[in-house]
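Chains as they are written, first to last, in the UniProt record's numbering: chain A, 1 to 64; chain B, 1 to 64.
Just below is one structure, and these are the notes that go with it.
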DNA sequence: TTATAATGTAATATATAATTAACATTTTGT
DNA sequence: ACAAAATGTTAATTATATATTACATTATAA
């Protein structure tokens, strides 16, 4: 699940720091979201999705 | 945007309090999210979506 | 109308997301 | 191998989502 975000980021040719800057977050926050089971805010999720050209479902949804 | 959640909830025949209980939140939190006065956590968004039979995009995504 | 359920809303308290700073480790390029 | 960039990770602090309590207002049904 986390790797979907990392994959989308790398496909865009962005570092964690670059993505963080573009969504007004810190590198550490991006790293934690990509890695462990962080629980980010909806607004941050939306900003990340917009920046990576994906939707919320693309990055954060798991079919149950 | 906020009304999408309210609409989905009413379609399911649930009150704010009932939905809140099922997603381990409070009635007030649900009410504020419906009024889009809050920035809920991803986990809560996912719980709400699952409970209402919708996806994240269905409830929280706006095409930009 | 009257009672009751549902929702709105505000104050304070608590849990945790997110920041900041710092240093360690890994990766990448030369 | 070496240096630089990228990422990992931890501790302390700040910002804010969420809970709790309480009361007000609006809907719904008898």
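Where is the CB? At the ideal position from N, CA and C, for every residue including glycine.
For a cutoff of 8 angstroms on Cβ pairs, would you count residue i as touching chain B?
| i | result |
| --- | --- |
| residue 56 of chain A | yes |
| residue 42 of chain A | yes |
| residue 3 of chain A | no |
Compute the beta-carbon to beta-carbon distance between residue i and residue j, rounded to the nearest angstrom, for a pair I have assumed lies under 8 angstroms.
| i | j | result |
| --- | --- | --- |
| residue 27 of chain B | residue 17 of chain B | 4 angstroms |
| residue 19 of chain A | residue 63 of chain A | The Cβ separation is near 26 angstroms, so there is no contact. |
| residue 44 of chain A | residue 60 of chain B | Not really, about 12 angstroms apart at Cβ, beyond 8 angstroms. |
| residue 36 of chain B | residue 39 of chain A | Between residue 39 of chain A and residue 36 of chain B the Cβ distance is about 20 angstroms, and since that is not below 8 angstroms, they are no contact. |
| residue 6 of chain B | residue 34 of chain B | 5 angstroms |
Can you check DSSP and say which residues form a bridge with residue i?
| i | result |
| --- | --- |
| residue 41 of chain B | A/41 |
Where do the ends of the alpha helix (DSSP H) carrying residue i lie?
| i | result |
| --- | --- |
| residue 26 of chain B | Taken as a continuous stretch (DSSP letters only), residue 26 of chain B belongs to no alpha helix (DSSP H), as it is neither H nor E. |
| residue 14 of chain B | No alpha helix (DSSP H) holds residue 14 of chain B; DSSP gives it neither H nor E. |
Can you check whether the C-beta of residue i is within less than 8 angstroms of a C-beta belonging to chain A?
| i | result |
| --- | --- |
| residue 19 of chain B | no |
| residue 24 of chain B | no |
For residue i, verify whether its CB is less than 7 angstroms away from any heavy atom of the ligand NAP.
| i | result |
| --- | --- |
| residue 62 of chain A | For the ligand NAP, the structure offers nothing, since it holds no ligand at all. |
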